[in-house]
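Each residue of the sequence shown is one higher than the one before, counting from 1 in UniProt numbering. Just so you know, even glycine gets a beta-carbon here, dropped at the ideal spot from N, CA and C. Accompanying notes for the structure given below.
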Amino acid sequence: MQRHKIRLDVVLAGVVLLLLFSLLPFFFQRQIIEEPDTELRHHHKRPIIVDREEEEIEEIEEIEERMANIIVEKASEFDETLREYFVKHAGDTVLVYLYGNVQPHTGKSWCPDCAAADEPIRAAAAEAGMTLVEVPVGERQEYKGVPTNPYRVHPQIKLASVPTIIKWTKAGPGGRLVERECRSQADIAAFLAK
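Here you go:
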């Protein structure tokens with residue numbers, strides 16, 4: 001009678017393959033959704049396999065879209081930009097941030113208070129998960145001492161100073177912080193939490 005030699009490497013390879021195949025469902029988690037079978041025109045339902053990863057990616061993309069900063073380049077686009085945003089996100093509150101235009105040669109606003117407040121405002125908005133609506137009000141000569149600046153005469157804004165941040169909902173403007181009130185990230189965070 002001959003004895004069969006058992007090769008250890010073959011046995012180990014078999015065990016590894018068994019483990020791999022038993023763990024595959026955990027690596028490729030899928031959710032089965034019942035959907036009416038439109039091709040057969042019956043009331044039967046056929047399973048549709050949807051990767052959970054795709055759903056999670058869609059959720060993340062929606063959150064990123066809602067948190068993305070919006071820049072209003074022209075005063076004539078302000079109202080329409082907010083209207084379009086609130087059509088998609090009616091229950092949200094955004095933070096409208098009015099500031100002096102950024103100078104290309106410095107990368108900072110011509111307004112010293114705006115330059116000092118920029119980082120705390122952005123950080124507080126991101127921390128609160130709020131969409132920041134950036135509104136440059138113009139160059140110094142277009143804003144300083146110009147009572148007809150579009151944001152000074154806008155019926156809902158009536159801008160007096162920059163920087164100004166305003167909590168805004170579909171219903172319109174809410175509370176605001178102005179100039180030096182915008183310098184402390186903690187103060188801004190407390191304002192946003194109200």
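The straight-line gap separating the alpha-carbon atoms of residue 120 and residue 164 is approximately 13 Å. By the C-beta criterion, the stretch 68-88 is judged to be in contact with the stretch 150-158, since at least 3 inter-stretch pairs fall below 8 Å.
DSSP places residue 147 outside any alpha helix (DSSP H), giving it a letter other than H or E. For residue 82, the enclosing alpha helix (DSSP H) covers residues 78-88. No residue range can be given for residue 159, since it is assigned to no alpha helix (DSSP H) and is classified by DSSP as neither H nor E. Within the same chain, and ignoring the five residues on either side of residue 157 in sequence, the residues whose Cβ sits closer than 6 Å to its Cβ are 151. In this chain, residue 183 is not harboured by any alpha helix (DSSP H), its DSSP state being neither H nor E. Distance from the CA of residue 167 to the CA of residue 141, rounded to the nearest whole angstrom, comes to 27 Å.
Residue range 132-136 is occupied by the beta strand (DSSP E) that includes residue 134.
117 is the residue among 170, 172, 107 and 117 whose C-alpha sits nearest the C-alpha of residue 178. According to DSSP, residue pairing for residue 72 in a beta bridge does not occur. If the five residues before and after residue 130 are omitted, its C-beta is found closer than 7 Å to the C-beta atoms of 93, 94, 95 and 192, all from its own chain and listed in chain order. Sixteen is the threshold: when 16 or more other Cβ atoms of the shown chains lie within 10 Å of the Cβ of residue 100, as they do, the residue is buried.
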